Structures are given as C-alpha cells and as structure tokens.
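What follows is a single structure, written as structure tokens, with notes after it.
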Amino acid sequence: MSSNRKLVFAIEEIYHAFNRGVEKRPTFTNKRELDRALLTLNFYRFAELPVKLSKFLIQPENEQLKLLGKLENDYEKLVEIVCFCLMPNHFHLMLKQKMEDGISIFVSNFTNSYTRYFNTKHDRIGPLFQGTFKAVRIESDEQLVHVSRYIHLNPVSSFLIKLEVLKNYQWSSYPEFLGLSDKKLVSGNIVLGLFPSKKKYEKFVLDQVDYARQLESIKHLVIE
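Numbering (the UniProt record's numbering), first residue to last: 1 to 224.
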C-alpha cells in the first residue's frame with residue numbers, strides 16, 4: 001500500500017481511494033446524509049464549476065438535473081468515478097484521473113464539503129475523516145474487476161446487509177451497474193466492458209467461493 005505522500009496520480013490511470021471517520025466514528029448516519037454525500041460526489045466530479053454547491057442545492061430538482069446534464073456534456077472532469085460504496089463510517093471510491101491532480105482535488109472537495117455539512121448538522125467542529133485519504137493504483141484488468149467486487153460487496157462483508165438484498169443498496173454503484181438505478185454517476189462500462197453482460201457481472205459479484213479465494217491476492221489493494 002502506498003500513501004498519498006509517495007503515490008503520484010497519473011492521468012488516465014485508475015486508483016482505489018479510501019477513508020474513514022476519525023476514531024472510526026460514523027460519518028454517514030442516515031439516509032439524508034447518504035443522499036447528500038451522493039449529490040456531493042456527483043457535483044464535484046467536474047472542474048471549474050459554474051455555480052457553488054450551496055446555490056445548486058436550492059434549485060428545483062428539474063433545474064439540478066438540467067445543470068448536471070450541462071456539466072456532463074460541456075465541462076471537463078477531474079475524475080471519472082468507476083465504482084463506489086458509502087458505508088456508515090467510511091467510503092470506497094474507484095477513480096480514473098482525467099486531469100492533473102484531479103483525484104486529490106476531487107476527494108478534497110468531496111470530504112471538505114461533506115464535513116462542513118455534517119459539522120453544521122451535528123453542531124461539531126474539526127475533521128470528520130482521518131487525515132489524508134489512502135489510495136493504491138489498479139494495475140491490471142484482473143485487479144480492476146476483483147477490487148470492484150470487493151467494493152460492491154462491502155455492505156455484505158461488513159454485516160450491514162444480507163447478500164440477497166445487495167442490489168437494493170442505494171449508496172453504492174452496484175444498482176447502477178445492474179441497470180437498476182436511474183443515477184448516472186459512474187463510468188461503469190470500464191468494468192462492465194470486461195464481461196459479456198450485466199448478468200455475468202452480477203454472477204461474478206455474488207460468487208462467494210471465488211471471492212474468498214481471490215481476496216488474498218488483492219489484499220494489498222483493499223487498503224482498510
């Protein structure tokens with residue numbers, strides 16, 4: 001595992017980024033906070049934003065969708081989100097860097113913005129997440145698919161939910177991968193393009209025997 005002080009993020013390369021709450025405290029404590037985190041992730045993917053998040057948030061939903069569409073079509077991205085999972089006290093992001101320092105800027109914007117929101121809501125001060133986020137580069141297609149499975153299975157492996165309801169977990173990219181969500185947050189085809197179909201990817205994720213067998217080979221990439 002490499003710390004960010006040593007790891008140099010390269011354009012068009014893919015990385016697994018992770019951080020958790022200070023002292024492992026909860027960071028996303030209810031649906032409203034999780035939804036706010038998703039919106040924040042979506043908004044800060046882009047460089048040189050035309051409006052502040054605070055102004056975006058007071059717009060009607062149809063205006064928010066219109067602006068997000070404009071950002072998607074007309075604005076450069078800092079990163080592409082390949083897949084992600086938000087958990088009660090941590091997050092996993094698989095990110096493809098699209099411009100210089102894109103990953104560092106994106107994660108900083110996300111965590112700083114969400115921390116301000118959380119601290120205001122809970123009448124607290126100080127950092128919410130543990131220092132500099134951790135990250136490791138994904139070096140092969142094999143690593144790509146296995147780490148995506150690890151990220152998507154996190155709610156199950158952490159005993160938060162049962163495997164059979166994983167596809168209903170709204171705060172990861174897994175439903176979007178399976179075509180069960182109308183969110184357009186991730187560039188899932190980077191992973192899905194390595195499978196014949198979405199159903200084949202679903203079968204791959206749900207194959208617990210293979211997952212257990214492969215986990216040892218990717219333990220240096222999971223960075224928890």
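Even for Gly, the Cβ is constructed at its ideal location relative to N, Cα and C. Source: prediction; values computed, not measured.
- Excluding five sequence positions before and after residue 195, the CB atoms of its chain that fall closer than 6 angstroms to its own CB belong to 201, given in chain order.
- Take the alpha-carbon of residue 169 and the one of residue 26: they are about 18 angstroms apart.
- With fewer than 16 other beta carbons inside 10 angstroms of its own, residue 50 counts as exposed.
- Note on residue 132: under 16 other CB atoms within 10 angstroms of its CB, so exposed under the neighbour-count rule.
- Taken atom to atom, the span from the alpha-carbon of residue 23 to that of residue 15 is near 24 angstroms.
- Residue ranges of uninterrupted alpha helix (DSSP H) with 4 or more members, entirely inside the region 165-214 and ordered along the chain, are 174-177, 189-192, 198-206.
- Between residue 146 and residue 81 the beta-carbon gap is near 18 angstroms, outside 8 angstroms, which marks them as no contact.
- If you draw a straight line from the Cα of residue 54 to the Cα of residue 104, it comes to about 22 angstroms.
- Non-local beta-carbon contacts of residue 11 in its own chain, meaning distances under 6 angstroms to residues more than five positions away in sequence, involve 97 in chain order.
- Counting every other CB atom within 10 Å of its CB across the protein chains shown gives residue 203 a total below 16, marking it as exposed.
- In this structure residue 21 does not touch residue 73 by the C-beta definition: roughly 35 angstroms separates them, more than the 8 angstroms allowed.
- Selection 60, 69, 75 evaluated against residue 48 yields 75 as nearest (Cα-Cα).
- The C-alpha of residue 174 lies about 13 angstroms from the C-alpha of residue 164.
- Here the C-alpha atom of residue 60 lies approximately 20 angstroms from the C-alpha atom of residue 31.
- In the three-state scheme derived from DSSP, where H, G and I count as helix and E and B as strand, residue 69 is classed as helix.
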